[in-house]
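Engineer:
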Amino acid sequence: VLDIRQRAGTLFAFLMIAQVLLISAQVSTKSGSRVLSLVTFEVFSRVQRAAAAGVNGLRAVWGGYFALRGVRAENESLRRQLADLQVRMQQREALAGRADRLQQLLGLRDRATFPTLAAEVIAGSPNPGMRTITIDRGSADGVLADMAVIAPAGVIGRIIGPTARHAARVQLLVDRNAAAGAIVDRVHAGGMVLGTESETVLRMDLVSNLADVRPGDAVIASGVDGIFPKGYAVGTVERSERGSGLYRTITVRPAADFSSLEDVLVVLVPPRAATRDEAVK
Amino acid sequence: VRTAIVLVALCAALVVQTTLSGMIMGSARGLDLVLIAIVYLALAYGPVTGMLAGTAGGLAQDALAGGIIGIGGLTNTLVGFLVGFLGAQFIVAQTLSRFLMFVAATFAHELLFEGLHALIEVRRFVPNYPSTAVQSGLNAVLGVTIFWVVEKGPTVLQNRRMRRASFGKRRF
């Protein structure tokens, strides 16, 4: 009988090599270990859902019976209405901006709109190094990988696959591996917004040194990545300096408050490949 | 029994970590409960248990967080093994030595995790030292508290019960 305690070194070497091979396989194929990820996520998302339900239940009991019950319910209702109105306003603003530009250029009216699905955040990341959340909507609700996730304040992130039947993972825009195509609205300078080591600041790259970007300028999604809907708020320029190379050094304060996410909207539009033509536009 | 303890500890750490970080996103980096569980198990049961707990906990974290599967597994396996090995070689029964082990393990974990990410994603290696310092302190305080509760908790409760019983006899 193999006593693993007598062969700690061998077991250690085996585990290390196995995991190095696992990482190498994912890096070389870019496909990832989908089965392991899917099975773990599918099973654990049910536990997360139950835990979230339990915690929410406790919070609801506490808030409903021991705090101001009537005021709280009214407050909740008003907050929902406000969030709904903010989303509608953002949609209108985005559509109006696009329509104006298109009408000016081509005399055409933009009729584009997109369906969304409300989702509740049921869990955060199990790894403090990764900024992801789990929502209570999955493949059964039509949620697919790479769909955009937004909130009334602005862009939140994107779905990263694989999705479980009733749960999906969202990579937040503040994750260091996240990125989105964006433009500085006032000067129409295009670039790319990236997550940083900080949880409250984004970096905007690939904006020319010639662009007159100033602190306070609004940054919106450009739509060139094929994921995030064009015109949606990403954030506000916090610092803009002339870079040493071709591009400016810009930091952006996110529009959404990532410290307290409870409800989000999934944009139910399958992602499309970004094209060079679109990027040029 | 040990396997059950390891599994229960890791599952509990994962559930609490994901639930807490879902509620308080900004403070999510404050604690790494899975790492605390791994270091605790490594110190309590030795390098093999620490290593296996590291592998299981790290792979579960990777699979759930949605990154490259294996980076967290590799990091936690190494940390679990090293902590267990050091715990077996030196006397780490004191609160201070345990505290230092938790701090060192958190720093080692952060450096390895960031280093591997930087290596694989071909980007700059930029560890966030202030954030890691805060996390290591919190991890150490919670880890040492868990040790105290597990080791001293039953004795304290028993003593309190005995004191109450003797007080009752003296009165009546």
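Just so you know, the protein sequences line up as chains E and D, in that order. Here the first sequence stands for residues 102 to 382, where the numbers follow our numbering. Here the second sequence stands for residues 170 to 341, where the numbers follow our numbering. Ideal Cβ positions, reconstructed from N, Cα and C, are used throughout, including at glycine.
1) Taking Cβ-Cβ distances shorter than 9 Å, what residues in chain D pair up with residue 270 of chain E?
2) Going along chain D, which residues have a C-beta under 8 Å from residue 280 of chain E?
3) Run through the segment 188-258 of chain D for me and flag every whole alpha helix (DSSP H) of 4 or more residues, listed as ranges in chain order.
4) Contact criterion: CB-CB distance below 8 Å. Does residue 258 of chain D meet it with respect to chain E?
5) Kindly indicate the opening and closing residues of the beta strand (DSSP E) around residue 218 of chain E.
6) Between the segment 197-217 of chain D and chain E, which residues of the former have CB atoms less than 9 Å from a CB of the latter, in chain order?
7) Using only CA atoms, which one of E:155, E:255, E:111 lies nearest to residue 189 of chain D?
8) What whole-angstrom Cβ distance do residue 205 of chain D and residue 229 of chain D have, given they're in contact under 8 Å?
9) Would you call the segment 320-340 of chain E and the segment 322-332 of chain D in contact, with 3 or more CB pairs under 8 Å?
10) Looking at C-alpha atoms only, which residue of E:252, E:369, E:366 is the closest neighbour of residue 336 of chain E?
11) Provide the residue span of the alpha helix (DSSP H) that contains residue 270 of chain D, from first to last.
12) Could you say which of E:269, E:342, E:306 lies nearest to residue 237 of chain E if we only look at CA atoms?
13) Would you tell me roughly how many angstroms separate the C-alpha atoms of residue 126 of chain D and residue 334 of chain D, rounded to the nearest one?
14) Closer than 9 Å by beta-carbon distance: list the chain E residues that pair up with residue 229 of chain D, in chain order.
15) Under a Cβ-count criterion, where at least 16 other Cβ atoms within 10 Å of its own Cβ denotes burial, should residue 249 of chain E be classed as buried or exposed?
16) What is the DSSP secondary structure of residue 328 of chain E, counted as helix, strand or coil?
17) Leaving out the 5 sequence neighbours to the left and right, which residues in its chain are closer than 7 Å to residue 206 of chain E when beta-carbon positions are compared?
18) Determine which residues share a DSSP beta bridge with residue 306 of chain E and list them.
19) With 7 Å as the C-beta to C-beta threshold (strictly closer), list the residues of the segment 265-283 of chain D near chain E in chain order.
20) In terms of residues, what are the limits of the beta strand (DSSP E) holding residue 364 of chain E?
21) When you compare only the Cα positions, how much space is there between residue 269 of chain D and residue 309 of chain D?
22) Going by the DSSP bridge assignment, what does residue 334 of chain E pair with across the sheet?
23) Would the beta-carbon of residue 300 of chain D fall within 8 Å of that of residue 276 of chain D?
24) Comparing C-alpha positions only, which one of D:203, D:236, D:220 sits nearest to residue 289 of chain D?
25) Report the CB separation of residue 244 of chain E from residue 258 of chain E in whole angstroms; it is logged as a contact under 8 Å.
26) Which partner residues of residue 341 of chain E appear in the DSSP bridge assignment?
27) Beta carbons nearer than 7 Å to chain D: which residues of the segment 288-305 of chain E have them?
Structural biologist: The answer reads as follows:
1) The residue labelled residue 270 of chain E in the question sits at position 169 within the first sequence. Within 9 Å of the CB of residue 270 of chain E, the CB atoms of chain D belong to 233, 234, 235, in sequence order along the chain.
2) Position 179 of the first sequence, counted from the first residue, corresponds to residue 280 of chain E. Near residue 280 of chain E there are no residues of chain D at all, since even the closest Cβ is about 12 Å away, more than 8 Å.
3) Note on the segment 188-258 of chain D: whole alpha helix (DSSP H) runs with a minimum of 4 residues are 202-214, 216-234, 240-258, in chain order.
4) Translated into positions along the second sequence, residue 258 of chain D becomes position 89. No, residue 258 of chain D lies away from the interface with chain E (no Cβ there is under 8 Å from its Cβ).
5) Position 117 of the first sequence, counted from the start, is the residue given in the question as residue 218 of chain E. Where residue 218 of chain E is concerned, the enclosing beta strand (DSSP E) stretches over 217-225.
6) Closer than 9 Å at the C-beta level to chain E, one finds these residues of the segment 197-217 of chain D: 197, 198, 199, 200, 201, 202, 203, 204, 215, 216, 217.
7) As a position in the second sequence, residue 189 of chain D is number 20, starting the count at 1. If you compare the alpha carbons of E:155, E:255, E:111 with that of residue 189 of chain D, the shortest gap goes to E:155.
8) Translated into the one-based positions of the second sequence, residue 205 of chain D becomes position 36. Translated into the one-based positions of the second sequence, residue 229 of chain D becomes position 60. With a beta-carbon spacing of about 15 Å, residue 205 of chain D and residue 229 of chain D fall beyond the 8 Å limit used to define contacts.
9) Here the segment 320-340 of chain E does not lie against the segment 322-332 of chain D, with fewer than 3 beta-carbon pairs under 8 Å apart.
10) By one-based count along the first sequence, residue 336 of chain E stands at place 235. For the residues E:252, E:369, E:366, the minimum Cα distance to residue 336 of chain E belongs to E:252.
11) Counting from one through the second sequence, the residue named residue 270 of chain D turns up at place 101. Per DSSP, residue 270 of chain D belongs to the alpha helix (DSSP H) from 264-290.
12) As a working mapping, residue 237 of chain E is identified with position 136 in the first sequence. Nearest C-alpha to residue 237 of chain E: E:269.
13) Chain D is shown only over 170 to 341; residue 126 of chain D falls outside these bounds and no answer can be derived.
14) Locating residue 229 of chain D in the second sequence gives position 60, where the first residue counts as 1. Within chain E, the residues near residue 229 of chain D are 141, 145, 227.
15) As a working mapping, residue 249 of chain E is identified with position 148 in the first sequence. It is buried - the Cβ of residue 249 of chain E has at least 16 other Cβ atoms within 10 Å.
16) Locating residue 328 of chain E in the first sequence gives position 227, counting from the first residue. Here residue 328 of chain E sits in coil by DSSP.
17) In the first sequence, counting from the first residue as 1, residue 206 of chain E sits at position 105. Only weak support is given to the placement of residue 206 of chain E: the predicted model assigns it a pLDDT of 43, under 50, and the value that follows is read from those uncertain coordinates. Around residue 206 of chain E: no qualifying Cβ.
18) Stepping through the first sequence from its first residue, residue 306 of chain E is reached at position 205. In the DSSP output, where bridge partners are listed per residue, residue 306 of chain E has E:293.
19) Residues passing the 7 Å Cβ filter: 282.
20) Here residue 364 of chain E is taken as the residue at index 263 of the first sequence, counted from 1. That run of the beta strand (DSSP E) goes 364-368.
21) Here residue 269 of chain D refers to the residue found at position 100 when the second sequence is read from its first residue. Here residue 309 of chain D refers to the residue found at position 140 when the second sequence is read from its first residue. Each residue's Cα considered, the two are about 7 Å apart.
22) Translated into positions along the first sequence, residue 334 of chain E becomes position 233. In the DSSP assignment, the residues bridged to residue 334 of chain E are E:321.
23) Taking the second sequence and counting its residues from 1, one reaches residue 300 of chain D at position 131. Taking the second sequence and counting its residues from 1, one reaches residue 276 of chain D at position 107. At a Cβ-Cβ threshold of 8 Å, residue 300 of chain D and residue 276 of chain D do not count as neighbours.
24) Locating residue 289 of chain D in the second sequence gives position 120, counting from the first residue. When each option's Cα is compared against that of residue 289 of chain D, the closest is D:236.
25) Indexing the first sequence from 1 puts residue 244 of chain E at position 143. Indexing the first sequence from 1 puts residue 258 of chain E at position 157. Incorrect: roughly 13 Å between the Cβ atoms, too far for contact.
26) Taking the first sequence and counting its residues from 1, the one referred to as residue 341 of chain E is at position 240. Its beta-bridge partners are E:351.
27) Listed in sequence order: 298, 300.
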